[in-house]
Amino acid sequence: MMTITYKVKNGIYVNMTNRCPCACTFCLRKNSPGVYGSDPLWLEREPTVAEVCSALDGWELSEYDEIVFCGYGEPTERLDDIIEVAKYIKSKSDIKIRINTNGLSDLIHGEPTAKRLAGVIDTVSVSLNATNKEDYLKVVRPKFGIDSFDAMLKFTKDCTAYVPNVVMTVVDVVTIKEEQEKSREICESIGAVLRIRPFES
Ligand code: SF4
1 MMTITYKVKN GIYVNMTNRC PCACTFCLRK NSPGVYGSDP LWLEREPTVA
51 EVCSALDGWE LSEYDEIVFC GYGEPTERLD DIIEVAKYIK SKSDIKIRIN
101 TNGLSDLIHG EPTAKRLAGV IDTVSVSLNA TNKEDYLKVV RPKFGIDSFD
151 AMLKFTKDCT AYVPNVVMTV VDVVTIKEEQ EKSREICESI GAVLRIRPFE
201 S
């Protein structure tokens with residue numbers, strides 16, 4: 001039995017892939033099989049769009065605040081499938097839809113991708129996690145190398161043209177106060193809002 005959807009606080013989280021081009025030093029996947037008491041989030045195989053929609057049908061959407069594409073992997077590895085699922089959700093509910101991402105979608109797909117989110121995604125939350133490309137490489141360890149930081153910022157900036165809410169997050173335990181201030185400046189410069197999040201959210 002695969003965990004395709006699970007509840008976190010007042011949101012329904014969607015786990016569509018375990019693929020990810022990064023190996024963050026703080027990645028929860030290294031420490032436990034699930035989060036917030038969820039069943040294990042390692043997938044036997046990636047669920048189809050139909051399977052994801054069917055899993056979402058099992059929830060009373062009006063009782064929740066949002067649906068979040070997150071899970072144990074990078075959701076934009078399946079960007080087009082996310083969009084399809086999001087369109088399905090929009091066809092039956094006005095619940096808000098968020099993607100939690102490492103922001104490397106353009107590198108994953110080899111082209112600018114933010115535009116694909118227009119009209120179906122309400123919030124994009126990008127992990128910032130460093131204030132320069134060298135530190136980013138050390139903490140996030142993306143397979144795309146040193147250019148990843150700039151590509152992540154560009155994707156985030158592009159999102160501000162297509163998505164109502166664009167948030168960037170840093171994890172409190174891996175940043176110091178000065179880095180958090182610098183992160184805030186970076187966010188403001190591209191039109192995003194900074195959220196300093198606890199380690200496990
Ligand atoms: S981007 Fe997310 S899933 Fe990928 S290694 Fe980092 S924390 Fe883990």
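Residue numbers (our numbering): 1 to 201. C-beta atoms are modelled at their ideal positions from N, C-alpha and C, and glycine is treated no differently.
- Ranking E63, N15 and V52 by CA distance to the CA of W42 puts N15 first.
- One Cα belongs to D106, the other to F149, and the distance between them is close to 12 Å.
- N18 and T3 have their alpha carbons spaced roughly 12 Å apart.
- Relative to the ligand SF4, even the nearest heavy atom lies 7 Å or more away from the CB of V14.
- Three or more Cβ pairs closer than 8 Å define a contact, and the segment 46 to 56 falls short of that threshold against the segment 20 to 27.
- As DSSP reads the structure, L194 sits in a beta bridge with M168.
- For E66, DSSP records a beta bridge to G11 and K96.
- Annotation for V52: the continuous alpha helix (DSSP H) segment containing it runs V49 to D57.
- Annotation: T123 is outside any alpha helix (DSSP H); the continuous beta strand (DSSP E) that includes it extends over T123 to S127.
- Taking the Cα positions, N10 is about 13 Å away from I97.
- Shown here, T101 sits in a strand according to DSSP, grouped into three states.
- Not one heavy atom of the ligand SF4 sits closer than 7 Å to the Cβ of N132.
- Here N132 is exposed. Its C-beta has fewer than 16 other C-beta atoms within 10 Å.
- DSSP places A151 inside the alpha helix (DSSP H), whose first and last residues are S148 to C159.
- Bounds of the alpha helix (DSSP H) holding L137 are K133 to V140.
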